[in-house]
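In the working numbering, the protein residues as written are 1035 to 1399.
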């Protein structure tokens, strides 16, 4: 493995879209007791369900600590690879490398700086040094070269690409003071263009209400195909999310992508607001003397936080009346993929969802 100090775009590399072919998927076994209730007993079942759904059509590797290895190996089917590697938590989307490739199909990784979504300003835990080392270790494991971008704080859930030159991000996240406060919006956009191989960046104003990542884009909006996005939506004008989604829709309706196409938007209904219960809170230990959840806290539940595997859409289920409606909408869009719904509340309690706990490895050579 070589550590590279150039840029992917300069070297002819770009990030392919998630709906393109994968060679595999990475996940991290949940163990952190202030993130996952009751010693992660319930979270592990949900993570295993996600891993098994994805493994129906692509290779899955799950990283775990020394202490968690035996449990992971017992709960995961034989064809899922389990690898010991230290981490601080289980957000594979944000701490794994972002993979780029060139026209020959050669794969390389990007090692972003990770500071737990805001560092000492408004980050969610400390320390995060083991998470910040994972991307490079993974590239070493895969024997692929890696770009050193640790000076630029970024997470995989903070952008989506169409594989044809366009990225979508949110201002709330990328311009937050805990990430790259020394950089202007134009500086950040240029960095994205140099690393993701895009020529156009669509800036949505915000994400999902109460999203602790400063409103990652992968919870509010994602690509279905070039020129077509899926947007989390509510018709409840009393919900703060209504205005947030409306503002995003307004941007998308007036945008074009890197190839000049207007953006077609499919609205994906949201579940009714999801709140943490007293019982769930009692299963979490405090972090630095303070509780990580309080009964009645609203969680950032969204069906948009799904994973596109080679053969399926692996999406959250919340035991809500919109579960079936959201699944039917995605079934109509992704006609050649199976729709697999996973009970996701025990992932959501940790602060994210299915897309947040996965990271695809694009197809290459």
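Every residue, glycine too, gets a C-beta built ideally from N, C-alpha and C.
Burial state of residue i, where buried means 16 or more other Cβ atoms lie within 10 Å
i	result
residue 1330	exposed
residue 1265	buried
residue 1056	buried
residue 1123	buried
residue 1258	buried
residue 1322	exposed
residue 1333	buried
residue 1305	buried
residue 1189	buried
residue 1132	buried
residue 1268	buried
residue 1374	buried
For residue i, three-class secondary structure by DSSP
i	result
residue 1278	helix
residue 1153	helix
residue 1306	coil
residue 1145	strand
residue 1209	coil
residue 1258	strand
residue 1052	coil
residue 1284	helix
residue 1158	coil
residue 1165	helix
residue 1190	helix
CB of residue i within 8 angstroms of CB of residue j, strictly
i	j	result
residue 1350	residue 1337	yes
residue 1042	residue 1229	yes
residue 1197	residue 1152	no
residue 1346	residue 1090	yes
residue 1165	residue 1121	yes
residue 1239	residue 1290	no
residue 1235	residue 1051	no
residue 1135	residue 1047	yes
residue 1278	residue 1309	no
residue 1298	residue 1262	yes
For residue i, the first and last residue of its enclosing alpha helix (DSSP H)
i	result
residue 1071	1071 to 1088
residue 1240	It is not in any alpha helix (DSSP H) - residue 1240 carries neither H nor E in the DSSP assignment.
residue 1225	1219 to 1230
residue 1103	1103 to 1109
residue 1364	1357 to 1367
residue 1129	1126 to 1129
residue 1382	1379 to 1382
residue 1313	1312 to 1316
Residue range of the unbroken beta strand (DSSP E) whose run includes residue i
i	result
residue 1185	1180 to 1187
residue 1135	1132 to 1135
Beta-bridge partners of residue i, as assigned by DSSP
i	result
residue 1348	1341, 1374
residue 1201	1195, 1235
residue 1290	1296
residue 1060	1095, 1393
residue 1267	1303
residue 1115	1095
residue 1170	Bridge partners of residue 1170: none, in fact.
residue 1332	1309
residue 1321	1324
residue 982	Outside the shown range of the chain, which is 1035 to 1399, sits residue 982, and nothing can be said about it.
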